[in-house]
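Heads up, the sequence shown is in my numbering, so the first residue is 301 and it goes up one at a time. By construction, the Cβ of each residue, glycine as well, lies at the ideal position given by its N, Cα and C atoms. Note that the structure is predicted; figures quoted are calculated from it, not measured.
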Amino acid sequence: MNKRWTIDKIREFTEKNSDSTLLSTEYHGFSQKLLFKCACGNNFEKTFTKFNKNNQRKCEVCQPPKEPRGSQA
Ligand SMILES: [Zn+2]
């Protein structure tokens, strides 16, 4: 089943599921980077796929990128 996302749904999802705010006003597809504002005040860009599926819902300061698999200490 394919859920069709619109910018309004993404904004709602962002508000309900994260501390970040969606700044982008248009959504053109899953490969597009959207602009978010983190709770700390930083802006960050992320595709919605990463934001949603990979739980990357904060800026890289608050949520540093994970190490590639296999290199965990
Ligand atoms: Zn942050």
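GLN356 CB to nearest heavy atom of ligand 1 below 8 Å: No - ligand 1 has no heavy atom lying nearer than 8 Å to the Cβ of GLN356.
Complete beta strand (DSSP E) runs within the stretch 330-359 (minimum length 3 residues, chain order): Within the stretch 330-359, the complete beta strand (DSSP E) runs of at least 3 residues are 333-337 and 343-347.
Cβ-based burial, CYS338 [other Cβ within 10 Å; buried from 16]: Its Cβ being crowded by 16 or more others within 10 Å, CYS338 is buried.
Under the three-state DSSP convention, the category THR321 falls into: DSSP, reduced to helix, strand and coil, places THR321 within a strand of the structure shown.
Outcome for CYS359 when other beta-carbon atoms lying within 10 angstroms are tallied against a minimum of 16: Buried is the call here.
Proximity to LEU323 [Cα-Cα], best of LEU335, THR314 and PHE313: Of the candidates LEU335, THR314 and PHE313, the one whose C-alpha sits nearest the C-alpha of LEU323 is LEU335.
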